[in-house]
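With our numbering as the guide, the letters of the sequence shown map in order to residues 1322 to 1575.
We put the beta carbon where it would ideally sit given N, CA and C, even for glycine.
Note that the coordinates shown come from a computational prediction; the quantities given were computed from them, not determined experimentally.
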Amino acid sequence: MASLEIKNLHVKVEDQQILNGINLVVPQGQVHAIMGPNGTGKSTLAYTLMGHPRYQIESGEIMLNGQSLIGMAPEERSCLGLFLAFQYPVAIPGVTVANFLRTAINAHRKAKNPEDKGISIPEFRRLLTEKMDFLEMDHAMAGRYLNDGFSGGEKKRVEILQMAMLEPGMAILDETDSGLDIDALRIVAEGINSLKNEHLGILVITHYQRMLNYLKPDVVHVMVDGKILQSGGPELALKLEEEGYEWTKSVEAA
Ligand code: ADP
Ligand code: MG
């Protein structure tokens, strides 16, 4: 079955050991959540999966649908169907949301078929309008420069809009719930839910349980100090919300 497989992954950032042997399998069609305190290496894992050059893989393996991603550029990973919604999306003044999305879609189409002439403008407009309406986004947003002066909630919606437009096979959502008020959280989470299908695996990274009420993960993993200490069902997220992370360490020691 198609999946993301992470085996014994050790990662350093600027000579500091951050990930200490991560093992994880996310099959397509499932939602997995990683919860953990701040500074534990969740974003490091997300960036490493996407191929950010700052994160040095010491050892281990990352496979998408049986193919190793190690050494691949982020854009190659993207064309293979991997998607990352950033915790802190960057602004690109001068590039509109619409242009950015059309360029990304066309790059994917070209990677699949070098002869592809790109998505037509009317088809792109139709698709964009449909997805923006679904995420309850103002159409004017498409003409604004990407993330330039966007509020926290607007940035997160644009991340999910990208996901909706690109239709990845494996999506990593890094703290997509942070900075959202309750209404925005519901809209974004429902947007993500509507994208769920048997060909999409989702790895949601969060340190709050609230988004998981909507996303209903199949498996919850607890990450502390660059390691997965426990995995379980959705009840694990509730227990973490009530009791914090300290007890997970004693379970590991036991
Ligand atoms: P989380 O997402 O779980 O809050 P991070 O992966 O962002 O954790 O950070 C894990 C650790 O790695 C922290 O101690 C952080 O300071 C360090 N770290 C992450 N990225 C960098 C970086 N680019 N440069 C230096 N240290 C980093
Ligand atoms: Mg983080």
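Buried versus exposed call for residue i [16 or more other C-beta atoms within 10 Å across all chains shown]
i	result
S1389	exposed
I1442	exposed
A1394	exposed
Q1530	buried
S1399	buried
D1498	buried
S1571	exposed
S1364	buried
G1464	exposed
G1512	buried
R1423	buried
Identity of the residue in the options nearest residue i by Cα
i	options	result
G1554	V1352, I1383, A1510, L1340	V1352
M1458	P1435, R1447, L1482	L1482
V1347	T1424, F1445, D1539	D1539
L1370	E1564, I1343, S1571	I1343
Q1408	I1493, I1508, V1541, L1422	I1493
E1519	G1490, F1455, I1526, L1448	G1490
L1456	G1360, L1506, L1550, H1542	L1506
G1372	G1392, G1362, M1486	G1392
L1550	W1568, T1417, K1537, E1563	W1568
I1339	G1473, Y1368, I1526	Y1368
E1326	T1527, Y1535, Q1349	Q1349
T1417	G1474, H1460, I1508	H1460
N1427	G1439, T1527, Y1376	G1439
K1477	A1463, A1406, K1431	A1406
A1432	N1359, G1387, L1401, G1474	L1401
G1360	Q1337, L1345, P1374	Q1337
Contact check, residue i vs residue j, beta carbons under 8 angstroms
i	j	result
P1410	V1334	no
L1366	L1385	no
N1341	K1548	yes
V1332	E1379	yes
A1425	L1467	no
Y1566	G1357	yes
L1448	M1486	yes
V1509	L1516	no
N1527	E1496	Just to set this straight, residue 1527 is Thr in the shown sequence, not Asn. Against a cut-off of 8 angstroms, the Cβ pair of E1496 and T1527 comes out as a contact.
L1533	A1558	yes
V1545	A1354	no
D1469	P1414	yes
Residue span of the alpha helix (DSSP H) that contains residue i, given as start and end
i	result
Q1483	1473-1487
N1534	1531-1536
G1522	That residue, G1522, is in no alpha helix (DSSP H); its beta strand (DSSP E) goes 1522-1527.
S1499	Careful: S1499 lies outside any alpha helix (DSSP H) and carries neither H nor E.
M1453	1442-1455
E1563	1556-1564
Limits of the unbroken beta strand (DSSP E) element including residue i
i	result
D1495	1491-1495
A1406	1403-1406
N1344	1337-1348
H1429	Premise fails: H1429 lies in the alpha helix (DSSP H), 1418-1433, not in any beta strand (DSSP E).
L1334	What sits at residue 1334 in the sequence shown is Val, not Leu. Counting along the chain, the beta strand (DSSP E) containing V1334 begins and ends at 1324-1334.
K1438	Where K1438 is concerned, there is no enclosing beta strand (DSSP E), given that its DSSP letter is neither H nor E.
V1411	Looking at the DSSP string, V1411 is not in any beta strand (DSSP E), and its letter there is neither H nor E.
H1542	1540-1545
K1517	That residue, K1517, is in no beta strand (DSSP E); it is neither H nor E in DSSP.
G1553	1548-1553
Neighbour flag for residue i against chain B, beta carbons, 8 angstroms
i	result
L1345	Looking for chain B here will not work: only one protein chain is present.
key: Any alpha helix (DSSP H) of 4 or more consecutive residues that is wholly inside the segment 1352-1394   = 1363-1371
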